[in-house]
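Student:
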Amino acid sequence: MRLLLLLVPLPALLACANGIGPASNLTGRWSAPPLGDNATLVFNLAQRDGIITGAGRYTVQVWVDTVQQAGPTYTVAVAGSYQAPAVTLRLQYQEGPGTAMMFYTGTLQDPQHLAGILNRGGDDFERVTFTRP
Numbered sequence: 683m684r685l686l687l688l689l690v691p692l693p694a695l696l697a698c699a700n701g702i703g704p705a706s707n708l709t710g711r712w713s714a715p716p717l718g719d720n721a722t723l724v725f726n727l728a729q730r731d732g733i734i735t736g737a738g739r740y741t742v743q744v745w746v747d748t749v750q751q752a753g754p755t756y757t758v759a760v761a762g763s764y765q766a767p768a769v770t771l772r773l774q775y776q777e778g779p780g781t782a783m784m785f786y787t788g789t790l791q792d793p794q795h796l797a798g799i800l801n802r803g804g805d806d807f808e809r810v811t812f813t814r815p
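Taking this note's numbering, the leading residue of the sequence shown gets 683, the next gets one more, and so forth.
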């Protein structure tokens, strides 16, 4: 009987990714508040096991005279991995004749918040928290 009592909580514990909270699937729509340069980044992710794929939009802001306006919107291909709670994403988009990439490393804080660092290349880093409804 004691063995049975010890084994009952085991499935609940195994359902937790880090022993603290439940593991969550990253599938869904994620967006960030305007970035430091007022650019916006929104994407839809699909997760299968630890593999993440997806697509989204990256809209940059441009200056016209002294007014900042919405500039071009780029289609973003997303690829990455998820090993709860750690998330790594590569965001790739066409910019002019070439390809540009950003990298995001973060952790799933809860099912609606993904907090981490967005690296746009070189020393251009920014803390970004993505949310989903």
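Ideal Cβ positions, reconstructed from N, Cα and C, are used throughout, including at glycine.
Report the CB separation of TYR740 from ALA721 in whole angstroms; it is logged as a contact under 8 Å.
Tutor: The residue given as residue 740 occupies position 58 in the sequence shown. The residue given as residue 721 occupies position 39 in the sequence shown. Yes, they are in contact, since the Cβ atoms of TYR740 and ALA721 sit about 7 Å apart, within 8 Å.
Student: Give the single residue among GLY753, PRO715 and GLY710 whose Cα lies nearest to the Cα of ASN726.
Tutor: Translated into positions along the sequence shown, residue 726 becomes position 44. Out of GLY753, PRO715 and GLY710, GLY710 has the C-alpha closest to the C-alpha of ASN726.
Student: So, helix, strand or coil for ALA721, using DSSP?
Tutor: Residue mapping note: residue 721 aligns to position 39 of the sequence shown, counting from 1. Looking at ALA721 - three-state DSSP - the assignment turns out to be coil, as it is neither helix nor strand.
Student: GLN794 lies in the beta strand (DSSP E); which residues open and close that run?
Tutor: Here residue 794 corresponds to residue number 112 of the sequence shown, with the count starting at 1. Taken as a continuous stretch (DSSP letters only), GLN794 belongs to no beta strand (DSSP E), as it is neither H nor E.
Student: Return yes when the Cβ of GLY753 is within less than 8 Å of the Cβ of VAL744, no when it is not.
Tutor: As a first step, residue 744 must be located in the sequence shown, where it is residue number 62. As a first step, residue 753 must be located in the sequence shown, where it is residue number 71. Closer than 8 Å, so yes.
Student: Are the beta-carbon atoms belonging to LEU723 and LEU717 less than 8 Å from one another?
Tutor: Translated into positions along the sequence shown, residue 723 becomes position 41. Translated into positions along the sequence shown, residue 717 becomes position 35. Yes, the Cβ-Cβ distance between LEU723 and LEU717 is below 8 Å.
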